[in-house]
Structures are given as structure tokens and as C-alpha cells.
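Undergrad:
In the working numbering, the protein residues as written are 715 to 1060.
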């Protein structure tokens, strides 16, 4: 029996840079329903072996377009879905934005519905400005609960350095998302480290001495090379101890869980890793807090699956990608796909 969990983040009214357009999302639902029985995530995970192909549809983060576009289409078709919530990004405002139901009923024009920006821009605005405009409100989530069930996806979807190597320095023009970490403050000379999810594992903590040096160093011609030489003479920082990292990760997950339980009355039993980043350390923490933990590794859920390292399949950005993945993971082709992926990694 094939059991496949598909995932995406957003549904754009027109062609989007990150996920499917509204039209292609509707077509994707038709394709998935033609090859699988679409069921709630909990049912898929608890179903005994049978000859049926089962699929669940999941979303990560909690973007407002999930309410505006995805929810009405799913409800119209009688389909259920699951949302892994980045709880620190959910809006406290109780306002509810118009969605497709309002458009279908003639209450608003199409141009009055949400016009989303890219996920990258949403990340940037959130960390630099605390702007949550394109994320859901708790009230919208409550109104979606007849279609969506809910799990956890961490608190803020942040990152932390995982290496002491300095990749570059911020010069005002070379913005990269990783410059926002470990703190969102930007200044000329700020070092950029290789970063992974704050829930990944042991983090590298830059020293205050390093930060002061990078901030105050004269920004004259060739300053980056000169600063790199000076950096080698100061203490860059330190790596967390394993126990320290575990405490930090558990605290973030517990805070996220409490927010979801307080606002939705639901104790999260499922979790998905932000960016797909995790380690044995973070897996150990998550296994104490959730019944099921999802990765971004592609595959089907076997009868002997590890509940703390479950695969999912991204739907992709284009309809042809959706078609290929639906066909692949609804037939024995997924075994060949897995074999090719393993050989590629050798």
C-alpha cells in the first residue's frame, strides 16, 4: 500500500515564485484524487495495511493564502489537509480576510483578495520589521478547522550559525537571508556564517568581541580583506554544548506548542522540520514531544516506518512537476526513484 504525504507552503492567485498557482493547485488536487484516496493525515498514519493508495495534503508555515485560496478549494471538494504552524508568526489580530468564498458569492472582487509576495520577502520583512501581514491570524486558523488539522513547525522559522567560518561581510548591497542571524540587526561589516534551522542542533555563537570589531572596523577600500585578517586575531566565539543545544531546542518547541494549544485548543502531536534541517540531537528532543515527526526526505510511508523520521513529497511549482511526482509515488516507480537518489549520493 502506497501512503504518501504531499506538502507545499503557498497557493498563489497567479503564477508564484515558490509554489503552485490557484489554477494549478486545483489541477493538482484533481491529479492526486485520481490516483489516491485523499484522507486526513491522522487517518493515513493509523490505517492498517490494505490495497488502497492513500495520500494526505500538508502545508508548512501558515501563510494567509492558505485561508484565502487553499481552504475554499479544499472545502469545496470535501478534502481535508494538515497545517504545520510556525506559531510565532501567527497574527494576534482577530480580523478575517476575505477569501474565495466571498468572491464566489459576489461580496468582493478578485482584485480585493490577497496578492502575496514571495516567501523570501515574507521572511525578510518578518525578521527585520516584525511584519506578519502575509501570515494567518489565530481567528482564521480557527475558522479553517473544519478542513485543516494542525501540527507544529517551530516558533519563528529562524536560523543559527553552524560553522565558525565567515563566508562574507555585509556591505549594504550583498544581502543574504543568513545575515539576519543570529540576530536580525544589520550593520555594515556584519559577518555571515553558514546557517541552518535554529532547531537543527549545536549552534555556533559569535563572540561580542567579534561583533564589536566588525561593527567598528574602518570601511575603507579593501576593508573586507583587511577585516578578515583582523578577525583571525580575536576570539570568534564558541559552539554550544550538546546539552545546551537540546535545552534551547526543547524550549522553542515547548513555547510553540503552548501557543498552539492556547489559541486553538489543540495539543500538537505532529511536527515538521523547518527547512528540513535536523540532527540526531534535535530528533531526540522532538521524539519526546510528538507522536509523528516529518522530514523533507521524499518517499512513501512503509508499514515499518520510523514515526520520528517520516518522508514527504513536495508538490513542486509547476503542474508537470506535480504530474511526475503523483505518478512516481503512486506506482512502483518510487522504488527506482529511491535507488537513483541513493546512487547519486554515493
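A virtual CB, placed ideally from N, CA and C, is assigned to each residue, including glycine.
1. Rounded to a whole number of angstroms, what is the C-alpha to C-alpha distance between residue 858 and residue 759?
2. What residue from 801, 746, 811, 805 has the CA that sits closest to residue 788's CA?
3. May I ask you to report which of helix, strand or coil DSSP gives residue 863?
4. What would DSSP say about residue 669, mapped onto helix, strand or coil?
5. DSSP on residue 879, reduced to helix/strand/coil?
6. Take residue 954 and list the residues in its own chain whose beta-carbon comes closer than 6 Å to its own, dropping the five residues that flank it on each side.
7. With residue 1007 and residue 1022 assumed to form a contact (beta carbons below 8 Å), what rounded beta-carbon distance in angstroms separates them?
8. Can you tell me whether residue 820 is buried or exposed, with buried defined as 16 or more other CB within 10 angstroms of its CB?
9. In the structure shown, what three-state DSSP assignment does residue 716 receive?
10. Could you check which residue in 928, 777, 744, 933 has the C-alpha nearest to that of residue 837?
11. In the DSSP assignment, the alpha helix (DSSP H) including residue 978 goes from what residue to what residue?
12. Taking the CB atoms as reference points, tell me whether residue 901 and residue 929 lie closer together than 8 Å.
13. Indicate whether residue 766 and residue 751 have their beta-carbon atoms separated by less than 8 Å.
14. Let me know the secondary structure DSSP gives residue 1030 once reduced to three states.
15. Where does residue 732 sit, in a helix, a strand or coil, going by DSSP?
16. With a threshold of 8 Å, are at least 3 pairs of Cβ atoms found where one atom belongs to the region 882-898 and the other to the region 998-1016?
17. Kindly list the residues whose CB is nearer than 8 Å to the CB of residue 877, restricted to its own chain and excluding five residues on each side of it in sequence; keep chain order.
18. Can you tell me whether DSSP reads residue 910 as helix, strand or coil?
19. For the 8 Å Cβ check, are there 3 or more pairs between the region 967-982 and the region 934-941?
20. How long is the line joining the alpha carbons of residue 856 and residue 772, rounded to whole angstroms?
21. Would you mind sorting residue 851 into buried or exposed? The rule is 16 or more other CB atoms within 10 Å of its CB.
22. Look at residue 959 and residue 995 and say whether their C-beta atoms are less than 8 Å apart.
23. Run the CB neighbour count on residue 781, radius 10 Å, all protein chains shown included, and call it buried at 16 or more, exposed below.
24. Using three-state DSSP, classify residue 1009 as helix, strand or coil.
25. Are the Cβ atoms of residue 886 and residue 798 separated by less than 8 Å?
26. Within 10 angstroms of its Cβ, does residue 872 collect 16 or more other Cβ (buried), or is it exposed?
27. May I have the straight-line CA-CA distance separating residue 839 from residue 944, to the nearest angstrom?
28. What is the DSSP secondary structure of residue 943, reduced to helix, strand or coil?
29. Whole angstroms is fine: what's the gap from residue 921's alpha carbon to residue 894's?
TA: Reading it off the structure:
1. Approximately 22 Å between the Cα atoms of the pair.
2. 746
3. Residue 863 sits in a strand when the DSSP states are folded into three classes.
4. Not covered by the structure: residue 669. The range shown for the chain is 715 to 1060.
5. Note: residue 879 maps to strand in three-state DSSP.
6. 916, 917
7. 4 Å
8. exposed
9. Correct three-state label for residue 716: coil.
10. 777
11. 956-978
12. yes
13. It is a contact, given that the beta carbons lie within the stated cut-off.
14. coil
15. coil
16. no
17. 907, 908, 918
18. strand
19. no
20. 17 Å
21. buried
22. yes
23. buried
24. coil
25. no
26. buried
27. Near 32 Å, if we compare the C-alpha coordinates of residue 944 and residue 839.
28. In this structure, residue 943 counts as helix in the three-state DSSP scheme.
29. 16 Å
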